[in-house]
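Worksheet for the structure shown next.
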């Protein structure tokens, strides 16, 4: 899931006025970065996922700039740690450098590890032009990416490059993200149940496995939203079924979240959506809702069949709800889980199943 898009105005005018830029340190789960302005946190999302092909953890933080010529503007910092179960991280690095809009690629170092720094420009799902300065380091067979978003006009690298290049890696903390995910996974599926912020559900006698989890925090540390996604399978006489189910909800910004969630994105980077249908009116959990059908395929050659899914989104005042039902051939699975969701009125109780370091606090 993608949170609200904010941009940061970093201009050469700021660079020409050192007194206007007050450096302040931002903590992330994989290290620290000294930003060239004072700030306070607006929002943070912690996410981790584990599949047969990869483990990844990332943390996005949205900041309000409090000093300098751009006081009142907003910034976004994202840190991602990615470990493939198969293949080499170098292959992913080459793919990142071949993305459209990548330019000014430079070879640098992150601690003792080889890294590349570049600028990337792109348009988001809403057509807004975006730009960021990105650092990608190869650490053993993992990739660590640090991204600082900048405006799509002027020179986005003017102040971002020193900040990004000065990222202070805490590799032990990055490694701990896997232990935190494993602990969340053990708690999430205890007793053959699927724990979610909208309630607990059963997978029809199958063993659920936590596939992906994210938690959204307000700037003051309050938990605003949570999403948990599970996968499971059933072996049949002629063929098996591959299925997944996700429940997400939040207690704020319902209309904004509903619009953003209409663009379905797979949990794994080894999957991609090949078709998505227009919304169809439906009901879920006693609420009016919109259902978006989609088809998804693996990008890893022979791994897994094509999958069909539906994302169903509902709002109730400021609260929002989203459910994903995905299967290779699982009409009974969808019917059973929909019945469980519909058995009670929807209520949202996000509980921060996953938290990455550092704990959410206000900036000093």
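Residue numbers (the working numbering): 132 to 495. C-beta atoms are modelled at their ideal positions from N, C-alpha and C, and glycine is treated no differently.
Discussion item. Using a Cβ-Cβ cutoff of less than 6 Å, which residues in the same chain neighbour residue 478 once the five nearest sequence positions on both sides are dropped?
Written reply: none
Worksheet item: What's the gap between the Cα of residue 368 and the Cα of residue 460?
Response: With a pLDDT of only 45 at residue 368, under 50, the local geometry of the prediction cannot be trusted, and the value read off the model is given with reservation. When rounded, the distance between both Cα atoms is 14 Å.
Item to complete: Mind checking which residues open and close the alpha helix (DSSP H) that includes residue 471?
Response: 462 to 473
Discussion item. If you reduce the DSSP assignment to three classes, tell me which class residue 182 lands in.
Written reply: coil
Worksheet item: What are the uninterrupted segments assigned as beta strand (DSSP E) that are 3 or more residues long and contained completely in the segment 314 to 345, given in chain order?
Response: 324 to 327 and 330 to 333
Fill in: Alpha-carbon spacing of residue 429 relative to residue 280, whole angstroms
29 Å
Item to complete: Give me the Cα-Cα distance between residue 188 and residue 448, rounded to the nearest whole angstrom.
Response: 31 Å
Practice prompt. Would you mind stating whether residue 408 and residue 180 have Cβ atoms separated by less than 8 Å?
Written response: no
Worksheet item: Under the rule that 16 or more other beta-carbon atoms within 10 Å means buried, what is residue 260, buried or exposed?
Response: exposed
Worksheet item: Which ranges does the beta strand (DSSP E) cover as unbroken runs of at least 3 residues, wholly within the segment 206 to 259, from first to last along the chain?
Response: 233 to 241 and 244 to 254
Discussion item. One question on the structure: do residue 361 and residue 397 come within less than 8 Å of each other, judged by their Cβ atoms?
Written reply: no
Discussion item. In whole angstroms, give me the CA-to-CA distance for residue 472 and residue 374.
Written reply: 17 Å
Worksheet item: Would residue 162 pass as a contact of residue 288 if the rule is Cβ separation under 8 Å?
Response: no
Discussion item. Counting C-beta neighbours from all protein chains within 10 Å, is the total for residue 310 16 or more, i.e. buried, or is it exposed?
Written reply: exposed
Worksheet item: Distance, Cα to Cα, residue 412 vs residue 419?
Response: 7 Å
Worksheet entry | 8 Å contact criterion, which residue 252 and residue 232 should meet: CB distance rounded | 4 Å
Worksheet entry | Bridge-paired residues (DSSP) for residue 379 | 358 and 453
Fill in: First and last residue of the uninterrupted alpha helix (DSSP H) at residue 459
Where residue 459 is concerned, there is no enclosing alpha helix (DSSP H), given that its DSSP letter is neither H nor E.
Item to complete: Determine, using beta-carbon pairs with one atom in the segment 154 to 174 and one in the segment 347 to 361, whether at least three such pairs fall under 8 Å.
Response: yes
Worksheet entry | Presumed contact (8 Å Cβ cut-off) between residue 227 and residue 236, rounded CB distance | Contact doesn't hold; Cβ gap of about 10 Å is too wide.
Worksheet item: In angstroms, rounded to a whole number, what distance separates the CA positions of residue 268 and residue 241?
Response: 6 Å
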